[in-house]
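**Student:** Residue numbers 3 to 451, in my numbering, belong to the letters of the sequence shown in order. My questions will all concern the structure given below.
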Amino acid sequence: MPPPPSSVSRVQVLGKDLFNTLREKHGLAGFQKLIKEKIVPLAGDVGTRNFGLDSSRSDDLCQEIDVIVHGAATTSFYERYDVALASNALGAQYGCEFAKKCPNLKLLLHVSTAFVAGTQEGLLLEKALTMGEALRPGCHLDIEAELQLVEKVKAELAEAKSGGSDQSSEKTAMKELGLKRACHFGWPNVYTFTKAMGEMLLEQQRGDLPVVIIRPTMVTSTYHDPFPGWIEGARTIDALIVAYNEQAFPCFVGDLKDTMDAVPADMVVNATLAAMAVHWNEKGQVIYHVSSAIRNPLTGQVFEDACWDYFSIHPRVLENGKPLENRRPYLFKRFAYFRAYLILMYKLPLEMLHAVSLLLCGLFSQYYNKHNRRYTFLMLLVKLYAPYAFFKGCFDDTNLTRLRKEVKMDGKDGSLFNFDPKSIDWHSYLLNVHVPAVLMYGRKNKGSV
């Protein structure tokens, strides 16, 4: 019986450019045959026990599985709290519960994020998170209480809606609740907050399972494999590249001397594969920061220079045929100054224009709407990314360094399964690979950022 459409649709990534190399090697028919042999999609839900599978199918899988790679997550910084809890927190717990029922399991590999550390300063070690330990001093994180809070708020919203109250929609309320709770406990957004919860639940329940946790930093487009520049969706610093391309922000927050810890996607995958090989059927837990800042730091200055150089070489042209001037954004080193500047220079004049436009029957409404959208977009970027613009932490990579030494690299240049960030020339990579990759994605998905 063919798998349900819902499960097939989740593997549509097979049609992306990522698999061009395999399609060229095997031909279309051969590629399809290979995929059919290797992949069996199942309709399920990572946020429910047994992934929502019926007991018979679940029991059969438990007997067959020897390794679980748990990479399912919602990565939005502004996700609904209930959705993020189910996917990122409970998903890790249920994945662990399922793994413990697999008699032949050799490894449970959980993909997390280095930013479960929040915005802590100093050297951040590759160590497990303690259940209930919040980042804000004096706070204790009770995950069960958070789940109950979500249900209570949703029930109150449903009751208010039935009574005709004009309250915010459930979606907005859940997003605001997630951000509020994350900040209360010391995390900057609901993504890193709930991923931290997932690690806590996994640590609490893993027992003697062989567990590896991979914590990448900011993941960028592929450096080499299967080809340079593959990316699926704009992430973290990519939003700044898109905004730079549109000249959508005249200023931002940060310091060009600070380090941006980024790592190409294929290096994350290569480190994951190496860790699986080294820790196969090895009891205990190991955590890896897949990061770059210690071995090969990427500074804000290098990032900004690469963007400037790219758009100088490839000037943008406006709809009227005139070239768009390439301007470097001004960086404020203090958020308060940045906000005051924007309000004074942009928001107040915009609102004055809006008032005049209303008096003149909407004469300037189109101009106002265009620039107000830019202002709103800039403020959203700052709200989401400012904590990382001022990030003062440094991710320890002792375990990852040890892993590199343990894995024998094939090939004379050590390029196969390379996950050494020291091999990256950041300016060249950004200029020739990553920036054009992000812009190509942006053109294919116009309006999605």
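In this text, a Cβ means the ideal position worked out from N, Cα and C, and glycines have one as well. Keep in mind it's a predicted model, so treat the numbers as computed, not measured.
(1) Please state the DSSP three-state secondary structure of Thr222.
(2) With Ile67 and Cys98 assumed to form a contact (beta carbons below 8 Å), what rounded beta-carbon distance in angstroms separates them?
(3) Can you tell me the Cβ-Cβ gap for Asp268 and Thr219, rounded? I've got them flagged as a contact below 8 Å.
(4) Start and end of the alpha helix (DSSP H) containing Phe33?
(5) At the level of alpha carbons, what is the spacing between Asp19 and Ala162?
(6) Which one of Glu205, Lys108, Ala175 has the shortest CA to CA distance from Gly134?
(7) Which partner residues does Gln65 have in the DSSP bridge list?
(8) Please return the same chain residues whose Cβ sits closer than 6 Å to the Cβ of Tyr80, not counting the five positions on each side in sequence.
(9) Restricting to Cα atoms, I'd like to know which of Pro325, Asn298, Phe392, Pro351 is closest to Asp427.
(10) Tell me the rounded alpha-carbon separation between Met276 and Arg208.
(11) For Arg51 and Tyr96, which I take to be in contact (beta-carbon distance under 8 Å), what is that distance rounded to the nearest angstrom?
(12) Does the pairing of the segment 117-129 with the segment 229-237 give three or more beta-carbon distances under 8 Å?
(13) Within a Cβ cutoff of 7 Å, which residues of the same chain sit near Ala198, ignoring the five residues on either side of it in sequence?
(14) Grouping DSSP H, G and I as helix and E and B as strand, with all else coil, what is Leu461?
(15) Using a Cβ-Cβ cut-off of 8 Å (strictly less than) and excluding sequence neighbours within five positions of Leu320, which residues of its own chain qualify?
(16) Return the residue from the list His112, Val69, Leu107, Val244 that minimises the CA-CA distance to Ser89.
(17) Out of Tyr431, Tyr377, His291, Phe340, which has the shortest C-alpha to C-alpha gap to Ala388?
(18) Between the C-alpha atoms of Ala245 and Gln122, what's the straight-line distance to the nearest angstrom?
(19) Can you give the Cα-Cα distance for Arg183 and Arg329, rounded to whole angstroms?
(20) Between Ile215 and Ile145, which are expected to be in contact by the criterion C-beta below 8 Å, what is the C-beta distance as a whole number of angstroms?
**Tutor:** The answer reads as follows:
(1) Residue state, collapsed to three classes: strand.
(2) Ile67 to Cys98, Cβ: 13 Å. No contact.
(3) Thr219 and Asp268 do not touch by the CB rule: their CB atoms are close to 15 Å apart, not below 8 Å.
(4) Taken as a continuous stretch (DSSP letters only), the alpha helix (DSSP H) holding Phe33 covers 22-40.
(5) Looking at the two C-alpha atoms, the distance is approximately 48 Å.
(6) When each option's Cα is compared against that of Gly134, the closest is Glu205.
(7) Its beta-bridge partners do not exist; DSSP assigns none.
(8) Around Tyr80: Lys177.
(9) Here the closest residue by C-alpha is Asn298.
(10) Per the sequence presented here, residue 276 reads as Ala, with Met not at that position. Distance from the CA atom of Ala276 to the CA atom of Arg208, rounded to whole angstroms, is 22 Å.
(11) Approximately 5 Å separates the beta-carbon atoms of Arg51 and Tyr96; this is inside 8 Å, confirming the contact.
(12) Fewer than three Cβ pairs drawn from the segment 117-129 and the segment 229-237 lie within less than 8 Å of each other, which leaves the two stretches out of contact.
(13) Leaving aside the five residues that flank Ala198 on each side, the residues in its chain whose CB is nearer than 7 Å to its CB run, in chain order, Val118, Leu131, Trp189.
(14) Given that the chain is displayed from residue 3 to residue 451, the structure contains no residue 461 and the question cannot be resolved.
(15) Once the five neighbours on either side are set aside, the close Cβ partners of Leu320 are Leu326.
(16) If you compare the alpha carbons of His112, Val69, Leu107, Val244 with that of Ser89, the shortest gap goes to His112.
(17) For Ala388, the closest of Tyr431, Tyr377, His291, Phe340 by C-alpha to C-alpha distance is Phe340.
(18) For the pair Ala245 and Gln122, the Cα-to-Cα distance works out to about 27 Å.
(19) When rounded, the distance between both Cα atoms is 38 Å.
(20) Contact check for Ile215 and Ile145: beta-carbon distance about 18 Å, past the 8 Å limit, so the pair fails to qualify.
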